[in-house]
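All remarks here apply to the structure that follows.
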Amino acid sequence: MLSIENISKAFGGVQALNNVSLAVAPGSVQGILGENGAGKTTLMNILFGLIRPDRGQIRLNGQSVVVRSPRVAQQLGIGMVHQHFKLAPALSVTDNLALAVGRNFVLLHRASFRDRIAALARSLHWAVDPDSVVGQLNVGQQQRVEIIKALLGGGKILILDEPTAVLTPQEVDELIPAVRSLARAGITVIFISHKLSEVNRMCDRIAVLRRGELVFAGPMGELSAEEITHRMLGAPSALSSLGASSASPGLVRLHLSRVCCPLPGTRKYKPLLDNIELSVRAGEIVGIAGVEGNGQTTLIDAILGSLPISSGVITLDGSDLSHLVNFRRARKFACIPEDRQGQGLVLSLSLTANLMLRSYRNPEFMRLGLRHVTAWRSRAAMLVRSFDIRCASVEVPIQFLSGGNQQKALIARELYGNPPVILAINPTRGLDIGATAFVLQQLTAARQRGAAVLLIHSDLDELLAISDRVMVMYAGRLLPTNWPAVDRAAIGRMMMGITPQAA
Amino acid sequence: MDPSAPPPTVNSMQSQSARYGVRHGPKVFWLWTAMAVGAIAFSGLLVLAVLAMSGYPALGILHRWIIGAAGNRFNSAASMADACPLLLTGLAAGVAFRSGVLNIGAQGQFLLGALVSVALTTRFIFPGPPWCVMLGAMAAACVAGGMWALLASVLERYRGVPVVLSTILLNFVALYLVRAALHGPLQAADTSAPQSPQLKVIYWLPILITNTDFHLGIPLAFAVAVALAVVLGRTNFGFELLITGLNPRVARLVGMPVARRQFAIMFLSGCCAGLGGAVQVLGVTHFMLGNFGNYGYTGIAVALLGRLNPIGIAVAAVFFGMLDTGSRFVEESSLALPHQMANVVKGVIILAMLVASAWMMRRGSRDRSLEAGENQNTPDQQQVQS
Numbered sequence: 000m001l002s003i004e005n006i007s008k009a010f011g012g013v014q015a016l017n018n019v020s021l022a023v024a025p026g027s028v029q030g031i032l033g034e035n036g037a038g039k040t041t042l043m044n045i046l047f048g049l050i051r052p053d054r055g056q057i058r059l060n061g062q063s064v065v066v067r068s069p070r071v072a073q074q075l076g077i078g079m080v081h082q083h084f085k086l087a088p089a090l091s092v093t094d095n096l097a098l099a100v101g102r103n104f105v106l107l108h109r110a111s112f113r114d115r116i117a118a119l120a121r122s123l124h125w126a127v128d129p130d131s132v133v134g135q136l137n138v139g140q141q142q143r144v145e146i147i148k149a150l151l152g153g154g155k156i157l158i159l160d161e162p163t164a165v166l167t168p169q170e171v172d173e174l175i176p177a178v179r180s181l182a183r184a185g186i187t188v189i190f191i192s193h194k195l196s197e198v199n200r201m202c203d204r205i206a207v208l209r210r211g212e213l214v215f216a217g218p219m220g221e222l223s224a225e226e227i228t229h230r231m232l233g234a235p236s237a238l239s240s241l242g243a244s245s246a247s248p249g250l251v252r253l254h255l256s257r258v259c260c261p262l263p264g265t266r267k268y269k270p271l272l273d274n275i276e277l278s279v280r281a282g283e284i285v286g287i288a289g290v291e292g293n294g295q296t297t298l299i300d301a302i303l304g305s306l307p308i309s310s311g312v313i314t315l316d317g318s319d320l321s322h323l324v325n326f327r328r329a330r331k332f333a334c335i336p337e338d339r340q341g342q343g344l345v346l347s348l349s350l351t352a353n354l355m356l357r358s359y360r361n362p363e364f365m366r367l368g369l370r371h372v373t374a375w376r377s378r379a380a381m382l383v384r385s386f387d388i389r390c391a392s393v394e395v396p397i398q399f400l401s402g403g404n405q406q407k408a409l410i411a412r413e414l415y416g417n418p419p420v421i422l423a424i425n426p427t428r429g430l431d432i433g434a435t436a437f438v439l440q441q442l443t444a445a446r447q448r449g450a451a452v453l454l455i456h457s458d459l460d461e462l463l464a465i466s467d468r469v470m471v472m473y474a475g476r477l478l479p480t481n482w483p484a485v486d487r488a489a490i491g492r493m494m495m496g497i498t499p500q501a502a
Numbered sequence: 000m001d002p003s004a005p006p007p008t009v010n011s012m013q014s015q016s017a018r019y020g021v022r023h024g025p026k027v028f029w030l031w032t033a034m035a036v037g038a039i040a041f042s043g044l045l046v047l048a049v050l051a052m053s054g055y056p057a058l059g060i061l062h063r064w065i066i067g068a069a070g071n072r073f074n075s076a077a078s079m080a081d082a083c084p085l086l087l088t089g090l091a092a093g094v095a096f097r098s099g100v101l102n103i104g105a106q107g108q109f110l111l112g113a114l115v116s117v118a119l120t121t122r123f124i125f126p127g128p129p130w131c132v133m134l135g136a137m138a139a140a141c142v143a144g145g146m147w148a149l150l151a152s153v154l155e156r157y158r159g160v161p162v163v164l165s166t167i168l169l170n171f172v173a174l175y176l177v178r179a180a181l182h183g184p185l186q187a188a189d190t191s192a193p194q195s196p197q198l199k200v201i202y203w204l205p206i207l208i209t210n211t212d213f214h215l216g217i218p219l220a221f222a223v224a225v226a227l228a229v230v231l232g233r234t235n236f237g238f239e240l241l242i243t244g245l246n247p248r249v250a251r252l253v254g255m256p257v258a259r260r261q262f263a264i265m266f267l268s269g270c271c272a273g274l275g276g277a278v279q280v281l282g283v284t285h286f287m288l289g290n291f292g293n294y295g296y297t298g299i300a301v302a303l304l305g306r307l308n309p310i311g312i313a314v315a316a317v318f319f320g321m322l323d324t325g326s327r328f329v330e331e332s333s334l335a336l337p338h339q340m341a342n343v344v345k346g347v348i349i350l351a352m353l354v355a356s357a358w359m360m361r362r363g364s365r366d367r368s369l370e371a372g373e374n375q376n377t378p379d380q381q382q383v384q385s
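Chains Y and L, in that order, are what the protein sequence lines are.
Take 0 as the starting number for the first sequence in numbering that gives the first Met the number 0 and just add one per residue.
Take 0 as the starting number for the second sequence in numbering that gives the first Met the number 0 and just add one per residue.
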């Protein structure tokens, strides 16, 4: 019996978990549902000893335990399988597992170890050959190996962190009975997901997290799918002041026609992009809702040309983009990337340099072939003023600015000068309410000026508040909706992969 | 997070660092300088202590070393002549490392540059005035070094061979190419050793200060350093190289031709090394041997000591030149100290620098992570980090 009692954890000012309590019965499969940032992974990382909670405790069979590190977690019988496997592809299954359990300077009897693995696999009715080379196994089988690795030390509790995110539908179908057989063997499985359909088929009990709070815990089936979705997403919040535009959109700027994109290097897995049809017109915001990891970043990569598409056409103002070199293509779009610090800014450089990354080529910033230092500085100062970036000086390395001001700087750079096409991915992630409103206002203002905006956002409320048209991305496919004629819950269901009725 | 809160900034850093390209405040610059001086002093003391314990007159050696390095006009010029090839190979490594390209191949590019310049001043002399021939030889050496470096870049781009690996391996290819040429078409008539004939005196780089080793190549090398400082620090091209090196994803996002810039970095880097080879042949040795020094490898150390900054590299190269010249002077005196001592000192300095800079980097990353905890406090990002 594992019980989590009154766990709270804050990162800086954001409460990632607030007083969460949950009891998990042995031999059951406990699903944990929630949106991105709801606190699922934080909770599991606390269980596995990767993060220390601010308050609260964990009890194992009635005894209070302190999970200081993953090593302690393993000693307590808690194993975790991460989304990304930690296996050596060139080694056999046995050798990989030996690496995981072997201690320095202690010899391992290979043959008996191998038999132990085979026995464990047999007891779970899994077809895992201890001698096969890991690199030749498919992803589902590799996942089994990871699970066995987590159980080898005598683990009784197994945490699966979004195990289906990397699997094909067929492999998911195979995983479900595998997890059930684990539960029959008396192992407690904690299954993290944001796909309701999978949780439905796999779990005995579910817990729903929303913004760090436990909003539901109980047996599977107690709530209908609609109610669970409703609890995950919460009540629609008031972002009404922004509103959708009444202006009629103009010509089609960006158009994607039957765009497909396979997973690199293989045809076996599901495609990253599956027959995408999309057009964004001048003066409108097209919002793409969806749970992260359903192909959104791939879509942006395909538009920018950093990922080759296998079929289909992407046109900008009617001309095919595939004829352009990547860097010229990138110059045609303003882009607010998902990873602000990794892809948007050069952290060690000054605010001025970061603000000038788009416009430094402009002749007005050059003098005699060299940088026109004063012109650079005055442009930076102007952007700082008009976008209200709080900083002590434009020469400060941008890493010393707060997250909200970094994002303002990024937006100032990308949106200044009325770019005709804007791509934005999760532009308000990690921002507080004030900064969020600022970012959304900038996007609507750009639309008012006639820009074509493609907004990919995992926050459904904000997305619905400013989008003129809404589409849902699920498993690499783009599903149109009749927003605002359909209600929010219907879009929520489509995000979860239920009844993709093109309403 | 709260936009109304005063921005968290390090106040001491802003007023002075009034240039866009300052990646680290002046505080860090002084820290680095102090560290370099400290590492040099520490290594010097260590070596002197070891010498004293082995029965050498340590202070006498230090005195002679200083005289040998900069005691008079002649010795100072010799130090500069020693610094010259190191400066150019140091720039080669610095240009590449600064942009995140690990070109370990300055040695091979240097050798190839030397080979081409020897060929064009002994066997294959184009008709023309001597200064034209010399200029042509140096230009050809630049191109040869640049192409040799570019080869590695092309291999990486189109065949996925890491530049670190290919440049090291190409060093050996270059070395044996040189030996083959010196045994074959470029071998001097009067010897069986792998050795080129001597250049005619009219093709020697002119000596600028009479009765010293101060040849035209020395100011040329410093001019290259200054030119690179301007190009890298003040032009759009240099800005793009910097961004490409610091964060290629950003460079791609804002539409910089990342691949082209990476090729340019390698070509420029190889050019510097190739020019170094030509200057060494035309200015100092005036012929070429199968064993032509380790300037390329030492250049990496010079670049690191100079913090990948062209001006810093110039200072570091002069320091290394003085070490070499000084150690030869000590060797020639009656103190019976092996010449290799200079190399020991250099090695200890580099080690001390690496330890100190690793320490600084750890400090820096700790500060950054504190900063991150203060600023980017979203649960998602924290999850990703863990």
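Cβ atoms here follow ideal geometry from the backbone N, Cα and C, with glycine treated the same way.
Whole-angstrom C-beta distance between residue j and residue i, which should lie under 8 Å
i	j	result
A187/L	V278/L	Incorrect: roughly 21 Å between the Cβ atoms, too far for contact.
N102/L	A113/L	At roughly 18 Å, the Cβ-Cβ gap does not stay under 8 Å, so N102/L and A113/L are not in contact.
L232/Y	L463/Y	Contact doesn't hold; Cβ gap of about 11 Å is too wide.
L382/Y	Y415/Y	6 Å
V344/L	V46/L	5 Å
G93/L	P309/L	7 Å
Where residue i falls, given that 16 or more other Cβ within 10 Å makes a residue buried
i	result
N5/Y	exposed
H456/Y	buried
C83/L	buried
P176/Y	exposed
R357/Y	buried
A489/Y	buried
S116/L	buried
I424/Y	buried
K8/Y	buried
Min CB distance residue i to chain L below 8 Å
i	result
L271/Y	no
L369/Y	yes
F530/Y	Residue 530/Y lies beyond the stretch modelled for chain Y, which goes from 0 to 502, so this question has no answer here.
R357/Y	yes
L32/Y	no
P336/Y	yes
G289/Y	no
M365/Y	yes
R360/Y	yes
R70/Y	no
S347/Y	yes
is_contact[residue i, chain Y] using C-beta, thresh 8 Å
i	result
T88/L	no
R158/L	no
I310/L	no
R327/L	no
R233/L	yes
I242/L	yes
F429/L	The question about residue 429/L has no answer here: the residues shown for chain L are numbered 0 through 385.
Residue nearest to residue i in terms of C-alpha spacing, selected from the options
i	options	result
Q340/Y	P396/Y, T297/Y and D387/Y	P396/Y
R230/Y	V100/Y, H193/Y and S309/Y	H193/Y
R484/Y	A474/Y, D467/Y and Y473/Y	Inspection of the sequence shows that residue 484/Y is occupied by Ala rather than by Arg. Out of A474/Y, D467/Y and Y473/Y, D467/Y has the C-alpha closest to the C-alpha of A484/Y.
F171/L	P126/L, A105/L and S152/L	A105/L
G530/Y	I50/Y, V28/Y and S27/Y	Look at the range of chain Y in this structure, 0 to 502, and you will see that residue 530/Y is not part of it.
Q197/L	F262/L, G107/L, T120/L and G244/L	T120/L
Residue i CB to nearest heavy atom of the ligand GDP below 7 Å
i	result
T284/L	With respect to the ligand GDP, the structure shown offers nothing to examine, as it has no ligands at all.
Which of the residues in the segment 244-267 of chain L, read from start to end, lie with their CB under 9 Å from any CB of chain Y? Residues of the segment 244-267 of chain L with a C-beta less than 9 Å from any C-beta of chain Y: L245, N246, R248, V249, A250, R251, L252, V253, G254, M255, P256, V257, A258 and R259, listed in chain order.
Chain-ordered residues of the segment 299-310 of chain Y with a beta carbon less than 9 Å from chain L: L303 and S305
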